[in-house]
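Residue numbers (numbering that gives the first Met the number 0): 0 to 519.
Even for Gly, the Cβ is constructed at its ideal location relative to N, Cα and C.
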Amino acid sequence: MSLDQNLNKILIIDFGSQFTQLIARRVRELGVFSEIVSHKKIKLKYINSSIKGIVLSGGPLNVYQINKYSFDKKILQLDIPILGICFGHQILSKLNGGRVKQSKHREFGLANVYKKNKSLLITNFFGNKKSKQVWMSHADQVSKLPKNFKVVASSTNSKFAIVENKKKKYYGVQFHPEVTHTENGKKLISNFIFLICKIKRNWSSKDQKNQLIKDIQKQVGNNKVICALSGGVDSSVVAQLLNKAIGKKLYCIFVNTGLLRKNEEVQVVQTFKKRLKMNLIYVNAENEFLKKLKNVSDPEKKRKIIGNLFIKIFERYAKKIKNVKFLAQGTLYPDLIESKSVTGSQTSKIKSHHNVGGLPKKMNLKLVEPLKFLFKDEVRKLGLELNLNKEIISRHPFPGPGLAIRMPGIVTKEKIKILKEADYYFIQSLRNHGLYHDIWQAYAALLPVKTVGVMGDNRTYEYLCLLRAITSEDGMTADYYEFKKSFMQTISNKIVNSIRGINRVVYDVTSKPPSTIELE
Ligand code: XMP
0 MSLDQNLNKI LIIDFGSQFT QLIARRVREL GVFSEIVSHK KIKLKYINSS IKGIVLSGGP
60 LNVYQINKYS FDKKILQLDI PILGICFGHQ ILSKLNGGRV KQSKHREFGL ANVYKKNKSL
120 LITNFFGNKK SKQVWMSHAD QVSKLPKNFK VVASSTNSKF AIVENKKKKY YGVQFHPEVT
180 HTENGKKLIS NFIFLICKIK RNWSSKDQKN QLIKDIQKQV GNNKVICALS GGVDSSVVAQ
240 LLNKAIGKKL YCIFVNTGLL RKNEEVQVVQ TFKKRLKMNL IYVNAENEFL KKLKNVSDPE
300 KKRKIIGNLF IKIFERYAKK IKNVKFLAQG TLYPDLIESK SVTGSQTSKI KSHHNVGGLP
360 KKMNLKLVEP LKFLFKDEVR KLGLELNLNK EIISRHPFPG PGLAIRMPGI VTKEKIKILK
420 EADYYFIQSL RNHGLYHDIW QAYAALLPVK TVGVMGDNRT YEYLCLLRAI TSEDGMTADY
480 YEFKKSFMQT ISNKIVNSIR GINRVVYDVT SKPPSTIELE
């Protein structure tokens, strides 16, 4: 429990919804500080005058299991504005004397809400329309309103889709305004914060940066911290945050696996050691990786070999540094959601992801994960605030196992050399044509097939290069990017004419699912 005593804030009481962090994120986007506290931990004594509004999240339980909610119910009767979302709406109604029952029609997905009455909460929410599309996800609903509450909007199945008690400043919404599927949902949250709680903007990337630095200093004290730096956005931001927080007590380890993009190792050393003056240990392990991967073609085996070797090297260097107590990782909030499977459903293993940050707990190091409640775009903003250059911040994601999983079949020095060049030409062309930032991720792969071609009247028999470029929000789903024919011709000619070893280029037009972004 670490409620900041001074900063005015919105308190979000978490009842276990998978969207709680998304609510916090929306509040941050609006420039206001928020703090999430689990319903299991919140106590009346923590509520002080810095809390200008309370949001009650959704949650998987129902209001009849109210005994499972150990929080002090008096919190919901204070003179502080409250916005209840989904389950939060139900519990707010129930505790104020209303009734909640199982819906006849469970609502999951899109629904329309219709305006019934005026309310500050819906200022400019409906615009000049009578209804708005919202995203519902509930089995129960409020069936009788508490005294002094009125209906603001209804859906076909939920009479009390938006409700208010104007005098107490209590508001409830049956749907989720925090998800993007709810049209104009952010406006509702903004109205709650600014018109109802009357809180002033007090939270920017700069504030966030300062707060994270303070938190790191508090957590690690005078101890040494190691950080696996890959040169990707997340580990770069973590490294720079720690650099600002603890300077030379931070030891970044950058392992050149030999499976990186062309010139990547040079760029990383230049940026972090030379420009940002970090304690950077550069490990050239090209030969070690190549040796271990010799004659291995099974994708999962490749991934495991690379992951394990990486850890071994990392441990070797961590031991050399001595007395290290902490390990910093660039875990983001979506990584936590995926690995925990918050919905409770069992997810099947598609690939063993090897993130260079995903190191074993048996190293007996405590974790420092300053980004674990942030989303990718927030991390990018933070990176800019930390003076990392745009080039690093806006880079396409790159997988831990690197080029090894972009060349199905065995990994050889020759193939790596060819692939590095092809990928380089492709990415450079994207940049030159101003397409790089329209694309979420792009790369070249080398397929383990040779095909016949003709160059200068001579027969060639060389590798097939596959290009992949996708659009995506978060890498969970993806669609292929539609290039103009002229671009495809240019890049195909460039690759085939400039690189010995490739005589044919194909473009991957599958989406994810059913495909994945990487080939292995
Ligand atoms: P897939 O291939 O699973 O990729 O659709 C989704 C995203 O994850 C990246 N990826 C990885 N990132 N370690 C990483 O750090 C890995 O082992 C790994 N495998 C895939 C991939 O590049 C894409 O952005």
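With H, G and I counted as helix, E and B as strand and the rest as coil, what does DSSP make of residue i?
| i | result |
| --- | --- |
| residue 524 | No answer is possible for residue 524: the residues shown for the chain start at 0 and end at 519. |
| residue 277 | coil |
| residue 246 | helix |
| residue 103 | strand |
| residue 447 | strand |
| residue 401 | helix |
| residue 478 | strand |
| residue 164 | strand |
| residue 237 | helix |
| residue 355 | Annotation note: pLDDT 49 at residue 355 (below 50); position unreliable, no value reported. |
| residue 109 | strand |
| residue 54 | strand |
| residue 374 | coil |
| residue 436 | helix |
| residue 406 | coil |
| residue 232 | helix |
| residue 323 | strand |
| residue 387 | coil |
| residue 44 | helix |
| residue 17 | coil |
| residue 75 | helix |
| residue 300 | helix |
| residue 328 | coil |
| residue 130 | strand |
| residue 508 | coil |
| residue 313 | helix |
| residue 367 | strand |
| residue 88 | helix |
Looking at residue i: is its Cβ nearer than 7 Å to the Cβ of residue j?
| i | j | result |
| --- | --- | --- |
| residue 147 | residue 130 | no |
| residue 403 | residue 464 | no |
| residue 94 | residue 72 | yes |
| residue 486 | residue 432 | yes |
| residue 289 | residue 246 | no |
| residue 128 | residue 150 | no |
| residue 364 | residue 308 | no |
| residue 305 | residue 400 | yes |
| residue 124 | residue 77 | no |
In terms of DSSP beta bridges, what is residue i paired with?
| i | result |
| --- | --- |
| residue 381 | For residue 381, which the question treats as bridged, DSSP gives no partner whatsoever. |
| residue 454 | 457 |
| residue 442 | 467 |
| residue 503 | 463 |
| residue 267 | The partner list for residue 267 (beta bridge, DSSP) is empty, contrary to what the question assumes. |
| residue 255 | 283 |
| residue 34 | 10 |
| residue 169 | 81, 164 |
| residue 98 | 143 |
| residue 137 | 106 |
| residue 192 | DSSP lists no partner for residue 192. |
| residue 227 | 252 |
| residue 152 | 114, 161 |
For residue i, which residues of its own chain have a beta-carbon under 7 Å away from its beta-carbon, when the five flanking residues on both sides are left out?
| i | result |
| --- | --- |
| residue 189 | 29 |
| residue 330 | 356, 368, 370, 371 |
| residue 67 | 60 |
| residue 343 | Annotation note: pLDDT 30 at residue 343 (below 50); position unreliable, no value reported. |
| residue 223 | 248, 250, 320, 322, 323, 324 |
| residue 164 | 147, 148 |
| residue 283 | 255 |
| residue 218 | 367 |
Counting only the same chain and skipping the five closest in sequence on each side, list residues whose C-beta sits under 6 Å from that of residue i.
| i | result |
| --- | --- |
| residue 268 | 281 |
| residue 491 | 504 |
| residue 99 | 62, 89, 93, 139, 141 |
| residue 410 | 292, 403 |
| residue 0 | Unreliable positioning characterises residue 0 in this predicted model, as indicated by a pLDDT of 43, which lies under 50. The coordinate reading is nonetheless provided below. Closer than 6 Å at Cβ, skipping near neighbours: 40. |
| residue 424 | 493, 494 |
| residue 272 | 279 |
Output needed for residue i: all residues of its chain with C-beta closer than 8 Å, excluding positions within five of it in sequence on either side, in chain order.
| i | result |
| --- | --- |
| residue 449 | 460, 461, 462, 463 |
| residue 206 | 32 |
Pairs of beta-carbons, one from the region 19-36 and one from the region 198-209, closer than 8 Å: are there three or more?
yes
Does the region 103-118 touch the region 39-58, meaning 3 or more C-beta pairs lie closer than 8 Å?
no
Are the region 4-16 and the region 38-48 touching by the rule of at least three beta carbon pairs closer than 8 Å?
yes
Determine, using beta-carbon pairs with one atom in the region 469-482 and one in the region 506-519, whether at least three such pairs fall under 8 Å.
yes
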